[in-house]
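*Asks:* Taken in order, the sequence shown gives residues 496 to 748; the numbers are from this note's numbering.
I am attaching a structure below and will ask some questions about it afterwards.
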Amino acid sequence: MMGMKTERLLAIILLLQSRGRMSARELAQVFEVSVRTIYRDIDSLCMANVPVASFPGREGGFYLMEGYKMEPMLFTSEEAVSLFLGAGVIEQYRTLDPGQAIVKALAKIEATLPEEYREDIQQARERILFDMSPYFGTGEHPHLQALKDAVLKTHKLRIAYPSHCPFLPEERIVDPYGLVCKAGQWFLIAFCHNQACFLVFPVARIKAVEALDETFQPMAGFDVWGFWQQCVRSLDPGKLLVNINEQRSNDSI
């Protein structure tokens, strides 16, 4: 919670610096907190010797006294537009961001940008659009959030994954190394302990996911993106499999 407050205090300074006078209600709306919380934040800034002054009345509000300046994030207009367009792609995958953290983060960043930057961003959002959904299906999966958490926290997984080979068990223990989204479809890159090799699992075919308490140590030097590119280059119809020795496997997934 302390980290969140510190981030908000810094953002308030940048916001007052870029927009000038703002009321407590306006600040509360930007940061999605109560007006009382904003007043406490202003008190904290004053105690930290940040010269925040207030102007009374209906048109009043808080402002930074003349001469005080904190360097904002050094975005150019082009960089800001690129950042927001790229984040717009992530926004479409709500399963990966159920709390809409990316939307809230962008709102805070946008609030600190100069007016002309915000106009450029809005124009780009209206004219450059991304549709990352596949032609068939939603591209989402009920286990995507659990897979993402396991990838980031390096937790082993027990997954249920059907195989075309009858002698292979459906249940597998895997070390999840990464997730890749291609053409609206998600793939899990993982080391499969059952077969002692790296596999690429289409997420849509994973029937169940259980995060284990045990963590794993990622293999030093393993490049998730490089492995994925190698799989794509050597792709045979119906196969996305390369083992740790870069030899083809007979298992078709």
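No residue lacks a Cβ here, since even glycine has one placed at the ideal position from N, Cα and C.
(1) My output table needs one value for D538: the three-state DSSP class, helix, strand or coil.
(2) Identify which residue in K677, L639, L652, Q512 has its Cα closest to the Cα of L707.
(3) How long is the line joining the alpha carbons of T501 and S539, rounded to whole angstroms?
(4) Whole angstroms is fine: what's the gap from E519's alpha carbon to V598's?
(5) Do F682 and V669 have their CB atoms nearer than 8 Å?
(6) For I684 versus F625, is the C-beta distance shorter than 8 Å?
(7) For A691, which option in D536, R667, I701 has the closest C-alpha, if you only look at C-alpha atoms?
(8) Need the endpoints of the alpha helix (DSSP H) that I525 sits in, please.
(9) Can you give, in chain order, each stretch of the alpha helix (DSSP H) that sits fully within the region 682-713 and has at least 4 residues?
(10) Taking DSSP's pairing of strands, which residues face L674 in a bridge?
(11) Which residue marks the beginning of the beta strand (DSSP E) containing I623, and which one marks its end?
(12) Are the region 605-615 and the region 573-587 touching, with three or more C-beta to C-beta distances below 8 Å?
(13) In the DSSP output, which residue or residues are listed as bridge partners for H650?
(14) Would you kindly work out how many angstroms separate the C-alpha atoms of V528 and R535, rounded to a whole number?
(15) So what does DSSP say about Y588, is it helix, strand or coil?
(16) By Cβ distance below 7 Å, which residues in the same chain neighbour E586 in space, the five residues on each side in sequence not counted?
(17) From E621 to S628, what does the alpha carbon distance come to, in whole angstroms?
(18) Return the Cβ separation of V704 and H638 in integer angstroms, given the expectation that the two are a contact with Cβ distance under 8 Å.
(19) Taking DSSP's pairing of strands, which residues face L559 in a bridge?
(20) Answer with buried or exposed for G556, where buried requires no fewer than 16 other C-beta atoms within 10 angstroms of its C-beta.
(21) Measure the Cβ-Cβ separation of L522 and I508 and say whether it is below 8 Å.
(22) State yes or no: is the C-beta of A645 within less than 8 Å of the C-beta of K702?
(23) Quick check: what's the CA-CA separation for V545 versus L642?
(24) What three-state label does DSSP hand E554 in the structure shown?
(25) Shortest alpha-carbon distance to E561 belongs to which of S549, R553, E554, T571?
(26) Using beta-carbon positions only, say whether H636 and V698 come within less than 8 Å of one another.
*Replies:* In short, the structure shows the following:
(1) helix
(2) L652
(3) Straight-line measurement puts the Cα of S539 at about 10 Å from the Cα of T501.
(4) Sequence inspection shows Ala at residue 519; the Glu mentioned does not correspond to that position. Going by the C-alpha atoms only, they are around 22 Å apart.
(5) If you check the CB distance, F682 and V669 do not come in under 8 Å.
(6) no
(7) Of the candidates D536, R667, I701, the one whose C-alpha sits nearest the C-alpha of A691 is R667.
(8) Here residue 525 turns out to be Val, not Ile, going by the sequence shown. Start and end: 519-526.
(9) none
(10) L683
(11) Note, I623: premise wrong, no beta strand (DSSP E); not H, not E.
(12) yes
(13) T710
(14) 11 Å
(15) coil
(16) I597, V598
(17) 19 Å
(18) With a Cβ gap of about 4 Å, V704 and H638 count as contacting.
(19) V547
(20) Counting Cβ neighbours within 10 Å, G556 comes out buried, since at least 16 surround it.
(21) no
(22) Not closer than 8 Å, so no.
(23) 44 Å
(24) When DSSP states are grouped into helix, strand and coil, E554 belongs to the coil group.
(25) S549
(26) Closer than 8 Å, so yes.
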